[in-house]
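The sequence shown begins at 34 in our numbering and counts up one residue at a time. Think of the CB as a built atom: it goes at the ideal place given N, C-alpha and C, for glycine as much as any other residue. Values in this document were obtained by computation on a predicted structure and should not be read as measured data.
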Amino acid sequence: MTVEIIAIGGYEEVGKNMSAVKINDDVVIFDMGIHLDRVHVHEDTDIARMHSLDLIERGVIPDDTLMREVNGKVRAIVFTHGHLDHIGAVAKLAHRYNAPIIGTPYTIALIERIIKSERKFNVPNRLEVLNAGEKCQLSPDMTLEFINVTHSIPQSVIAALHTPEGIIVYGLDFKFDDHQIISPQPDYHRLKELGRKGVLALIVETTRVADSEEVKTPSEKVARIILEDIMKRPLEEKSAMIVTTFSSHIERIQAISDIAKK
34 MTVEIIAIGG YEEVGKNMSA VKINDDVVIF DMGIHLDRVH VHEDTDIARM HSLDLIERGV
94 IPDDTLMREV NGKVRAIVFT HGHLDHIGAV AKLAHRYNAP IIGTPYTIAL IERIIKSERK
154 FNVPNRLEVL NAGEKCQLSP DMTLEFINVT HSIPQSVIAA LHTPEGIIVY GLDFKFDDHQ
214 IISPQPDYHR LKELGRKGVL ALIVETTRVA DSEEVKTPSE KVARIILEDI MKRPLEEKSA
274 MIVTTFSSHI ERIQAISDIA KK
(Lines of atoms letter the chains of each structure in order from A and count residues from 1; the text may use other names and numbers.)
(Lines give C-alpha, C1' and ligand atoms only; values in the text may rest on other atoms or scores of the structure.)
Protein backbone atom coordinates (compact mmCIF):
# COMPACT_ATOMS: atom_id res chain seq x y z
CA MET A 1 0.00 0.00 0.00
CA THR A 2 1.39 3.40 -1.01
CA VAL A 3 0.71 6.73 0.66
CA GLU A 4 1.25 10.03 -1.16
CA ILE A 5 0.74 13.60 0.04
CA ILE A 6 0.35 16.04 -2.83
CA ALA A 7 1.08 19.72 -2.09
CA ILE A 8 -1.07 21.74 -4.48
CA GLY A 9 -1.27 25.16 -2.82
CA GLY A 10 -0.68 26.99 0.45
CA TYR A 11 2.86 25.78 1.00
CA GLU A 12 5.42 28.54 1.62
CA GLU A 13 2.63 31.08 1.10
CA VAL A 14 -0.34 32.45 3.06
CA GLY A 15 -3.53 31.40 1.31
CA LYS A 16 -4.51 29.26 -1.68
CA ASN A 17 -4.62 26.17 0.54
CA MET A 18 -5.13 22.81 -1.18
CA SER A 19 -3.66 19.38 -0.49
CA ALA A 20 -4.44 15.84 -1.57
CA VAL A 21 -3.78 12.51 0.10
CA LYS A 22 -3.60 9.36 -2.03
CA ILE A 23 -3.85 5.86 -0.58
CA ASN A 24 -3.45 3.32 -3.37
CA ASP A 25 -6.19 4.37 -5.82
CA ASP A 26 -8.20 6.49 -3.37
CA VAL A 27 -7.72 10.27 -3.13
CA VAL A 28 -9.01 12.83 -0.62
CA ILE A 29 -8.66 16.55 -1.30
CA PHE A 30 -8.38 18.99 1.60
CA ASP A 31 -9.37 22.65 1.08
CA MET A 32 -9.67 24.81 -2.05
CA GLY A 33 -8.75 28.35 -1.04
CA ILE A 34 -7.92 31.67 -2.64
CA HIS A 35 -4.88 33.92 -2.19
CA LEU A 36 -6.45 37.12 -0.88
CA ASP A 37 -3.36 39.25 -1.53
CA ARG A 38 -3.46 38.31 -5.22
CA VAL A 39 -7.11 39.38 -5.36
CA HIS A 40 -6.13 42.79 -3.97
CA VAL A 41 -3.24 43.14 -6.46
CA HIS A 42 -5.61 42.53 -9.38
CA GLU A 43 -8.41 44.98 -8.57
CA ASP A 44 -10.37 43.92 -11.66
CA THR A 45 -10.65 40.35 -10.36
CA ASP A 46 -14.35 39.43 -10.39
CA ILE A 47 -13.88 35.89 -9.14
CA ALA A 48 -17.48 34.78 -9.67
CA ARG A 49 -17.32 35.54 -13.41
CA MET A 50 -13.76 34.43 -14.19
CA HIS A 51 -12.53 31.10 -15.56
CA SER A 52 -10.46 28.96 -13.22
CA LEU A 53 -7.49 28.92 -15.62
CA ASP A 54 -7.35 32.73 -15.63
CA LEU A 55 -7.45 32.75 -11.83
CA ILE A 56 -4.69 30.13 -11.70
CA GLU A 57 -2.56 32.29 -14.01
CA ARG A 58 -3.05 35.29 -11.72
CA GLY A 59 -2.08 33.20 -8.69
CA VAL A 60 -5.48 33.64 -7.07
CA ILE A 61 -6.45 29.95 -6.76
CA PRO A 62 -4.42 26.72 -6.52
CA ASP A 63 -3.05 25.23 -9.72
CA ASP A 64 -4.75 21.86 -9.51
CA THR A 65 -3.87 20.91 -13.10
CA LEU A 66 -1.19 18.64 -11.62
CA MET A 67 -4.05 16.43 -10.40
CA ARG A 68 -4.39 15.22 -13.99
CA GLU A 69 -1.24 13.20 -13.38
CA VAL A 70 -2.66 11.60 -10.22
CA ASN A 71 -4.20 8.25 -11.04
CA GLY A 72 -6.98 7.51 -8.61
CA LYS A 73 -10.56 8.15 -7.59
CA VAL A 74 -11.26 11.32 -5.59
CA ARG A 75 -13.50 10.15 -2.76
CA ALA A 76 -14.15 13.47 -1.02
CA ILE A 77 -13.31 17.17 -0.91
CA VAL A 78 -12.90 18.08 2.75
CA PHE A 79 -12.97 21.56 4.30
CA THR A 80 -11.79 22.19 7.85
CA HIS A 81 -13.28 25.69 8.31
CA GLY A 82 -14.91 28.51 6.41
CA HIS A 83 -12.21 31.12 5.77
CA LEU A 84 -11.77 32.15 2.13
CA ASP A 85 -8.15 31.01 1.99
CA HIS A 86 -9.59 27.52 2.53
CA ILE A 87 -12.98 27.55 0.73
CA GLY A 88 -12.79 30.49 -1.69
CA ALA A 89 -11.94 28.41 -4.79
CA VAL A 90 -14.56 25.69 -4.26
CA ALA A 91 -16.85 26.94 -7.04
CA LYS A 92 -13.94 27.08 -9.50
CA LEU A 93 -12.38 23.67 -8.84
CA ALA A 94 -14.79 21.26 -7.13
CA HIS A 95 -16.82 20.52 -10.27
CA ARG A 96 -13.74 18.84 -11.79
CA TYR A 97 -14.03 16.02 -9.28
CA ASN A 98 -16.94 13.60 -8.96
CA ALA A 99 -16.87 13.67 -5.18
CA PRO A 100 -18.93 15.04 -2.28
CA ILE A 101 -17.97 18.21 -0.44
CA ILE A 102 -17.71 17.60 3.32
CA GLY A 103 -17.59 20.15 6.14
CA THR A 104 -19.19 21.23 9.40
CA PRO A 105 -22.66 22.87 9.19
CA TYR A 106 -21.33 26.45 9.32
CA THR A 107 -18.61 25.73 6.77
CA ILE A 108 -21.09 24.07 4.41
CA ALA A 109 -23.45 27.05 4.75
CA LEU A 110 -20.64 29.40 3.66
CA ILE A 111 -19.73 27.10 0.76
CA GLU A 112 -23.38 27.13 -0.35
CA ARG A 113 -23.26 30.94 -0.57
CA ILE A 114 -20.11 30.83 -2.70
CA ILE A 115 -21.63 28.26 -5.05
CA LYS A 116 -24.87 30.27 -5.39
CA SER A 117 -22.90 33.39 -6.36
CA GLU A 118 -20.82 31.52 -8.99
CA ARG A 119 -21.45 32.80 -12.54
CA LYS A 120 -19.04 30.70 -14.63
CA PHE A 121 -19.36 27.05 -13.58
CA ASN A 122 -22.10 24.71 -12.46
CA VAL A 123 -21.10 22.92 -9.24
CA PRO A 124 -23.02 19.62 -9.03
CA ASN A 125 -21.08 18.18 -6.07
CA ARG A 126 -23.20 16.87 -3.21
CA LEU A 127 -22.79 18.82 0.05
CA GLU A 128 -22.45 16.67 3.16
CA VAL A 129 -22.39 17.81 6.78
CA LEU A 130 -20.04 16.14 9.26
CA ASN A 131 -20.02 17.43 12.82
CA ALA A 132 -17.00 17.59 15.10
CA GLY A 133 -16.67 14.27 16.89
CA GLU A 134 -18.17 12.29 14.01
CA LYS A 135 -16.67 9.91 11.44
CA CYS A 136 -17.66 8.87 7.92
CA GLN A 137 -16.42 6.05 5.71
CA LEU A 138 -14.99 7.36 2.43
CA SER A 139 -13.78 4.03 1.04
CA PRO A 140 -12.89 0.56 2.40
CA ASP A 141 -9.44 1.91 3.29
CA MET A 142 -10.33 5.47 4.36
CA THR A 143 -12.35 6.86 7.28
CA LEU A 144 -12.62 10.61 7.88
CA GLU A 145 -12.94 12.02 11.40
CA PHE A 146 -13.50 15.62 12.51
CA ILE A 147 -11.98 16.75 15.83
CA ASN A 148 -13.17 20.00 17.40
CA VAL A 149 -10.70 22.88 17.71
CA THR A 150 -11.03 26.63 18.21
CA HIS A 151 -10.22 29.35 15.70
CA SER A 152 -11.50 32.82 14.77
CA ILE A 153 -14.45 31.24 12.96
CA PRO A 154 -17.03 28.82 14.41
CA GLN A 155 -17.08 25.06 13.88
CA SER A 156 -13.42 24.69 12.93
CA VAL A 157 -12.02 21.17 12.99
CA ILE A 158 -8.87 19.15 12.57
CA ALA A 159 -9.38 16.35 10.06
CA ALA A 160 -8.00 12.88 10.77
CA LEU A 161 -7.85 10.43 7.88
CA HIS A 162 -7.69 6.86 9.19
CA THR A 163 -5.96 4.43 6.82
CA PRO A 164 -4.43 0.93 7.10
CA GLU A 165 -1.00 2.60 7.03
CA GLY A 166 -1.77 4.96 9.90
CA ILE A 167 -3.51 8.24 10.69
CA ILE A 168 -2.94 11.32 8.55
CA VAL A 169 -3.85 14.50 10.43
CA TYR A 170 -4.69 17.70 8.55
CA GLY A 171 -4.77 20.66 10.93
CA LEU A 172 -4.67 24.06 9.28
CA ASP A 173 -5.54 27.29 11.10
CA PHE A 174 -6.44 26.62 14.70
CA LYS A 175 -5.56 27.79 18.18
CA PHE A 176 -5.95 26.13 21.55
CA ASP A 177 -8.35 28.51 23.31
CA ASP A 178 -10.28 27.36 26.40
CA HIS A 179 -12.17 30.64 26.86
CA GLN A 180 -14.35 31.21 23.81
CA ILE A 181 -18.03 32.06 24.26
CA ILE A 182 -19.48 30.41 21.17
CA SER A 183 -17.11 27.53 20.46
CA PRO A 184 -16.49 24.65 22.90
CA GLN A 185 -12.97 23.86 24.06
CA PRO A 186 -10.70 21.91 21.72
CA ASP A 187 -11.04 18.15 22.05
CA TYR A 188 -7.68 17.61 23.73
CA HIS A 189 -8.69 14.12 24.84
CA ARG A 190 -9.27 12.90 21.29
CA LEU A 191 -6.09 14.53 20.01
CA LYS A 192 -4.11 12.74 22.72
CA GLU A 193 -5.80 9.45 21.80
CA LEU A 194 -4.76 9.87 18.16
CA GLY A 195 -1.23 10.70 19.27
CA ARG A 196 -1.03 7.52 21.33
CA LYS A 197 -2.34 5.46 18.41
CA GLY A 198 0.40 6.91 16.23
CA VAL A 199 0.19 9.55 13.52
CA LEU A 200 1.74 8.68 10.18
CA ALA A 201 1.80 12.28 8.93
CA LEU A 202 0.82 15.69 10.31
CA ILE A 203 0.01 18.50 7.88
CA VAL A 204 -0.09 21.69 9.95
CA GLU A 205 0.01 25.41 9.26
CA THR A 206 2.71 27.75 10.55
CA THR A 207 1.39 31.10 9.33
CA ARG A 208 3.91 33.87 10.12
CA VAL A 209 5.46 31.78 12.87
CA ALA A 210 8.90 33.21 12.03
CA ASP A 211 7.61 36.79 12.35
CA SER A 212 6.56 36.54 15.99
CA GLU A 213 8.16 35.73 19.32
CA GLU A 214 4.81 34.55 20.69
CA VAL A 215 4.78 30.87 21.56
CA LYS A 216 0.98 30.76 21.73
CA THR A 217 -1.80 32.85 20.21
CA PRO A 218 -3.52 34.72 23.07
CA SER A 219 -7.01 33.60 24.05
CA GLU A 220 -10.11 35.40 22.83
CA LYS A 221 -10.61 36.22 26.51
CA VAL A 222 -7.58 38.53 26.28
CA ALA A 223 -9.01 40.19 23.17
CA ARG A 224 -12.29 40.84 25.04
CA ILE A 225 -10.43 42.55 27.90
CA ILE A 226 -8.52 44.79 25.46
CA LEU A 227 -11.71 45.57 23.53
CA GLU A 228 -13.57 46.52 26.69
CA ASP A 229 -10.74 48.83 27.73
CA ILE A 230 -10.71 50.55 24.32
CA MET A 231 -14.50 50.81 24.03
CA LYS A 232 -15.12 51.95 27.62
CA ARG A 233 -14.51 55.70 27.25
CA PRO A 234 -16.50 56.28 24.03
CA LEU A 235 -19.37 54.27 25.50
CA GLU A 236 -19.33 56.27 28.75
CA GLU A 237 -19.31 59.51 26.74
CA LYS A 238 -22.12 58.14 24.58
CA SER A 239 -20.02 58.92 21.51
CA ALA A 240 -20.55 57.30 18.15
CA MET A 241 -18.12 54.45 17.59
CA ILE A 242 -17.30 52.35 14.53
CA VAL A 243 -15.74 48.94 15.13
CA THR A 244 -14.37 46.87 12.25
CA THR A 245 -13.52 43.17 12.12
CA PHE A 246 -13.73 40.20 9.80
CA SER A 247 -17.35 39.35 9.03
CA SER A 248 -16.65 35.68 9.81
CA HIS A 249 -15.18 36.43 13.25
CA ILE A 250 -18.43 35.66 15.06
CA GLU A 251 -16.70 35.27 18.42
CA ARG A 252 -15.27 38.82 18.19
CA ILE A 253 -18.58 40.27 16.95
CA GLN A 254 -20.32 38.66 19.92
CA ALA A 255 -17.76 40.21 22.27
CA ILE A 256 -18.27 43.68 20.74
CA SER A 257 -22.04 43.32 21.11
CA ASP A 258 -21.78 42.12 24.72
CA ILE A 259 -19.47 44.99 25.70
CA ALA A 260 -21.75 47.58 24.07
CA LYS A 261 -24.81 46.18 25.88
CA LYS A 262 -23.01 46.12 29.23
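In chain order, what residues of the same chain have a beta carbon less than 8 Å from the beta carbon of residue i, not counting five sequence neighbours either side?
i      : result
ILE147 : ILE120, GLY121, VAL123 and ALA124
VAL46  : Inspection of the sequence shows that residue 46 is occupied by Glu rather than by Val. Result list for GLU46: HIS68, in chain order.
LEU268 : MET274, ILE292 and ALA293
Do you know how far the Cα of residue j is from the Cα of residue i?
i      : j      : result
THR98  : ASP291 : 47 Å
LEU117 : SER281 : 10 Å
MET83  : LYS49  : 16 Å
ARG223 : MET51  : 25 Å
ALA273 : LYS294 : 14 Å
ILE259 : GLY66  : 31 Å
PRO197 : MET175 : 8 Å
SER216 : PHE154 : 34 Å
VAL276 : LEU143 : 23 Å
LEU88  : LEU235 : 29 Å
LYS249 : THR278 : 21 Å
GLU270 : SER252 : 29 Å
GLU90  : LYS265 : 48 Å
LYS168 : ILE286 : 31 Å
ASP96  : ILE39  : 12 Å
ARG129 : SER189 : 25 Å
Let me check understanding here. Comparing Cα to Cα, which of the options lies closest to residue i?
i      : options                           : result
VAL232 : ILE201, VAL190 and GLN213         : ILE201
ALA53  : VAL107, ASN155 and LYS249         : VAL107
PHE112 : ASP96, GLY105, ASP87 and GLU161   : GLU161
LYS55  : ILE141, VAL190, SER150 and GLU102 : GLU102
ALA132 : GLU151, PHE63, LYS265 and ILE38   : PHE63
ALA81  : GLY115, ARG129, GLU151 and ILE38  : GLU151
THR239 : GLY204, ARG266, ARG229 and LYS230 : GLY204
THR137 : GLU145, ASN164, LYS149 and ARG129 : ASN164
GLY92  : MET100, ASP79 and ASP70           : ASP70
ARG257 : ARG229, ALA288, GLN170 and VAL237 : ALA288
ASN57  : ILE41, SER172 and ARG229          : SER172
How would you label residue i, buried or exposed, when you count the other beta carbons within 10 angstroms and need 16 or more for buried?
i      : result
GLY43  : buried
HIS212 : exposed
ALA109 : buried
ARG159 : exposed
VAL255 : exposed
GLY166 : exposed
ILE345 : The requested residue 345 is not part of the displayed model; the chain covers only 34 to 295.
ASP206 : buried
LEU86  : exposed
TYR318 : As displayed, the chain neither begins before 34 nor continues past 295, which places residue 318 out of reach and without an answer.
GLU178 : buried
THR35  : exposed
Might you give, ordered along the chain, the residues of its own chain that have their beta carbon closer than 7 Å to the beta carbon of residue i, omitting 5 neighbours on each side?
i      : result
PRO187 : TYR139, ILE215, SER216 and ILE283
ALA127 : MET65, ILE110, ILE134, VAL156 and ASN158
PRO219 : ASN181, VAL182, THR183 and PHE209
LEU227 : ALA193, ILE200 and VAL202
GLU261 : ILE292
For residue i, verify whether its CB is less than 8 Å away from any heavy atom of the ligand FMN.
i     : result
HIS68 : Looking for the ligand FMN in the displayed structure turns up nothing, as the structure carries no ligands at all.
Given residue i, which residues of its chain have a CB within under 6 Å of its CB, disregarding the five upstream and five downstream residues?
i      : result
HIS195 : THR176
VAL60  : ALA53, GLY105 and VAL107
ILE94  : ILE67, LEU88, ALA122 and LYS125
ILE141 : LEU160 and VAL162
GLU37  : LYS55
MET100 : none
Could you check whether the Cβ of residue i sits closer than 9 Å to any Cβ belonging to chain B?
i      : result
TYR203 : Annotation note: the requested chain B is absent from the structure, which comprises a single protein chain.
- Item | Segments of 4+ residues assigned as alpha helix (DSSP H) that fall wholly inside the segment 89-126 | For the segment 89-126, the continuous alpha helix (DSSP H) assignments of 4+ residues that do not extend past its boundaries occur at 117-120 and 123-126, in sequence order.
- What are the uninterrupted segments assigned as beta strand (DSSP E) that are 3 or more residues long and contained completely in the segment 131-200, given in chain order? If only complete runs of 3 or more residues are kept, the segment 131-200 shows the beta strand (DSSP E) at 134-136, 160-162, 168-172, 175-181 and 190-196, in order along the chain.
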